[in-house]
Amino acid sequence: NAGVTQTPKFQVLKTGQSMTLQCAQDMNHNSMYWYRQDPGMGLRLIYYSASEGTTDKGEVPNGYNVSRLNKREFSLRLESAAPSQTSVYFCASKRDRGDTEAFFGQGTRLTVV
Amino acid sequence: ILNVEQSPQSLHVQEGDSTNFTCSFPSSNFYALHWYRWETAKSPEALFVMTLNGDEKKKGRISATLNTKEGYSYLYIKGSQPEDSATYLCALGGTYKYIFGTGTRLKVLA
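From first to last, the protein sequence lines are chains A and B.
Counting in the numbering used here, the first sequence runs from 5 upward without gaps.
Counting in the numbering used here, the second sequence runs from -13 upward without gaps.
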């Protein structure tokens, strides 16, 4: 019963490098989300996907791209990493309706030096 | 952009004290309000989902109320214990978009 699985758990990048954070869920959820967590700022929405084939910007989308590869997988790409993108990234999924809870992955701690 | 605010930002209480936090949100276009508990080095876990004005939910020593007309929700913890130490997040749920507040960090001192 995996729930939401994120990879990798930790990553160190040099400024300008690119990488993709992977997220997969096995709960047959339509909606998936990427958040970043910074001290004192809670969880800020980067991008979300309401269903397979659709993606929308959240509160802080600049510097990121996403792909909803299929219903299970939602990836987050940093094309040219910057130190300001040092953060902990969480993927989440939920059923469509707003009154259903979200389930989170374990987080990816990313450091850009 | 939806603006979800929480107060206080952090709180220290003694074991046995009761405490409460506030989540404020725009009262227009309300759909659902969620509370999560987030322990350090773990992922957020859902506590409550509330949709109706006047909703009250309870789980053990933790309870929550909702006022959609004035745009706020309260989370109460009765008789705080050290294991209650965590960050408590509220989130405003639309049909798809899901926006979190900045959280209240609670530390319960033994």
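Positions of the beta carbon are idealized from the N, C-alpha and C atoms, including for glycine.
Everything numeric in this text was worked out from a predicted model, so none of it was measured.
Of the residues the options, the one placed nearest residue i, counting alpha carbons only
i, options, result
"residue 17 of chain A", "A/86, A/97, A/108", "A/86"
"residue 9 of chain B", "B/-6, B/33, B/59, B/25", "B/59"
"residue 67 of chain A", "A/75, A/40, A/58", "A/40"
"residue 26 of chain A", "A/70, A/83, A/45", "A/70"
"residue 24 of chain A", "A/10, A/76, A/88", "A/10"
"residue 29 of chain B", "A/82, A/97, A/103, A/62", "A/97"
"residue 32 of chain B", "B/76, B/-11, B/64", "B/76"
"residue -10 of chain B", "B/57, B/73, B/72, B/40", "B/57"
"residue 91 of chain A", "A/31, A/30, A/99, A/45", "A/45"
"residue 43 of chain B", "B/19, B/25, B/82", "B/19"
"residue 96 of chain B", "B/-1, B/80, B/47", "B/-1"
Rounded distance between the beta-carbons of residue j and residue i, thought under 8 Å
i, j, result
"residue 93 of chain A", "residue 80 of chain A", "7 Å"
"residue 7 of chain A", "residue 84 of chain A", "Going by Cβ atoms, the distance from residue 7 of chain A to residue 84 of chain A rounds to 31 Å, so no, they are not a contact pair."
Residues bridged to residue i [DSSP beta-bridge criterion]
i, result
"residue 23 of chain A", "A/82"
"residue 49 of chain A", "A/39"
"residue 10 of chain A", "A/27"
"residue 115 of chain A", "A/16"
Along the region 26 to 52 of chain B, what residues have a CB closer than 7 Å to any CB found in chain A? Taken in chain order, the members of the region 26 to 52 of chain B whose beta-carbon sits within less than 7 Å of a beta-carbon on chain A are 29, 30, 32, 35, 37.
Does the contact criterion of 3 or more C-beta pairs under 8 Å hold for the region 51 to 67 of chain A versus the region 27 to 41 of chain A? With the cut-off at 8 Å, the region 51 to 67 of chain A and the region 27 to 41 of chain A touch.
Using 8 Å as the cut-off, can you tell me whether the region 29 to 37 of chain B makes contact with the region 45 to 58 of chain B, which would need three or more C-beta pairs spanning the two stretches below that distance? Yes, the region 29 to 37 of chain B is in contact with the region 45 to 58 of chain B.
Output, in sequence order along the chain, the residues in the region 44 to 59 of chain A whose CB is closer than 8 Å to any CB in chain B. Of all residues in the region 44 to 59 of chain A, 44, 45, 46, 47, 48, 49, 52, 54 have a Cβ within less than 8 Å of some Cβ in chain B.
Residues from the region 19 to 41 of chain A in contact with chain B, defined by Cβ distance under 8 Å: Within the region 19 to 41 of chain A, the residues whose Cβ lies closer than 8 Å to some Cβ of chain B are 35, 37, 39, listed in chain order.
The region 72 to 89 of chain B: positions lying closer than 7 Å to chain A by Cβ: Sequence-ordered contacts of the region 72 to 89 of chain B with chain A read 75, 79, 80, 81, 82, 83, 84, 85, 86, 87, 88, 89 [C-beta pairs closer than 7 Å].
Residues of the region 102 to 114 of chain A with a CB closer than 9 Å to any CB of chain B: list them in chain order, please. Answer in chain order: 102, 103, 104, 105, 106, 107, 108, 109, 110, 111.
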